[in-house]
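For what it's worth, UniProt numbering labels the leading residue of the sequence shown as 1, then goes sequentially. All C-beta atoms in this analysis are idealised placements derived from N, C-alpha and C, irrespective of residue type, glycine included. Okay, structure first, notes after.
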Amino acid sequence: MHPDIIALRSFYDSKLGMMAERSITMTLSALWARMPDERLVGLGYTLPFLDRFKGDAERTFAFMPAGQGAVAWPQRQANTTALVFDEELPLPDTSIDRILMIHSLEFSENPAETLNEMWRVLAPNGRLLIVVPNRRGIWARFEHTPFGSGRPYSRGQIMSALREANFTVTATKDALHFPPTSKSWLQKPVSGLERIARTCWPVFAGVLVVEAQKRLYQGVPVARRTSRRVFVPVLTPQGTARSSARNAALHKRNKNGQAQST
1 MHPDIIALRS FYDSKLGMMA ERSITMTLSA LWARMPDERL VGLGYTLPFL DRFKGDAERT
61 FAFMPAGQGA VAWPQRQANT TALVFDEELP LPDTSIDRIL MIHSLEFSEN PAETLNEMWR
121 VLAPNGRLLI VVPNRRGIWA RFEHTPFGSG RPYSRGQIMS ALREANFTVT ATKDALHFPP
181 TSKSWLQKPV SGLERIARTC WPVFAGVLVV EAQKRLYQGV PVARRTSRRV FVPVLTPQGT
241 ARSSARNAAL HKRNKNGQAQ ST
């Protein structure tokens, strides 16, 4: 179940939310330094992070799942927000260059179908960047943040899901290396540990950040069949009462004709 849009916005307006945004943005910027003249879609709740990229991108859209709700974005500009189903995006095939998913995949009813839809709308060699809660991290164990809800992933699980959806993983990183404490007197010293924790215990990070590239072609092994049935279409089924009577009449007529000729 998706978290409510009001709860998400309230979290990122809090001191802890701002610290989380700063940590994740630092990791995203390391992977996507620039995207000149590219079309970008943010799926989930990506508004705090789209501000970092919309200056470079040709077009930027904020797609929000129907179960979550939506708000207008950006402020004091033409609205580029849409309320969508993550398995049926209102986009033509191969129309988007990059997709950023945050607070999205862990709440999807069918993650495989969601990833297949990302593959459909991405252009050839398009890139997908996913942020998901880390199964080993401490953030997935507390429900007072959005990262404590939904389905957390291990590094192997998210990479396997991407491979099955015909994506090639190009980079894996992590973020949120500090505990999700809400006490203000602890937040300042804890935030100073972020750089040290990135080096010392990255395995316990709060979120995983995975970049993948759309794979266009893939050879699929097909099992060789040892037997093969061949079906021949017929107009009248054999063995019916009508066909049996007709065959008996033809046999009797042929027999009488042979007797007369002798």
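Quick check on residue i: buried or exposed, where buried means 16 or more other Cβ atoms within 10 Å of its Cβ?
i: I130; result: buried
i: A86; result: Just to set this straight, residue 86 is Asp in the shown sequence, not Ala. By the neighbour-count rule (16 or more Cβ atoms within 10 Å), D86 is buried.
i: R76; result: exposed
i: I6; result: exposed
i: D13; result: exposed
i: N79; result: exposed
i: residue 275; result: The chain is shown only over 1 to 262; residue 275 falls outside these bounds and no answer can be derived.
Can you look up residue i in the DSSP assignment and give me helix, strand or coil?
i: A140; result: helix
i: D97; result: strand
i: P237; result: Any reading at P237 needs caution, since the residue's pLDDT is 46, under 50, leaving its predicted position unreliable; the model's value is listed next. Coil at P237, not helix or strand.
i: R9; result: helix
i: E117; result: helix
i: P111; result: helix
i: L28; result: helix
i: G67; result: coil
Would residue i pass as a contact of residue j if the rule is Cβ separation under 8 Å?
i: L128; j: L122; result: yes
i: G44; j: W139; result: no
i: P92; j: L216; result: no
i: I96; j: V41; result: yes
i: A70; j: T81; result: yes
i: S29; j: R52; result: yes
i: G137; j: L89; result: no
i: V169; j: A212; result: yes
i: F107; j: H2; result: yes
i: R163; j: L208; result: no
i: L100; j: F49; result: yes
i: L8; j: P180; result: no
Name the DSSP beta bridge partners of residue i, please?
i: D174; result: L208
i: F49; result: DSSP output for F49 lists no bridge partner at all.
i: T168; result: Q213
i: L102; result: Rather than Leu, the amino acid found at residue 102 in this sequence is Ile. Answer is G44 and V131.
Within the chosen definition, does the stretch 159 to 166 reach the stretch 132 to 150 through at least 3 CB pairs nearer than 8 Å?
Because the criterion of three Cβ pairs below 8 Å is not met, the stretch 159 to 166 and the stretch 132 to 150 do not touch.
Is it the case that the stretch 53 to 70 contacts the stretch 27 to 37, given that we only count it when at least three CB pairs across the two stretches are under 8 Å?
Counting Cβ pairs under 8 Å, three or more are found: they touch.
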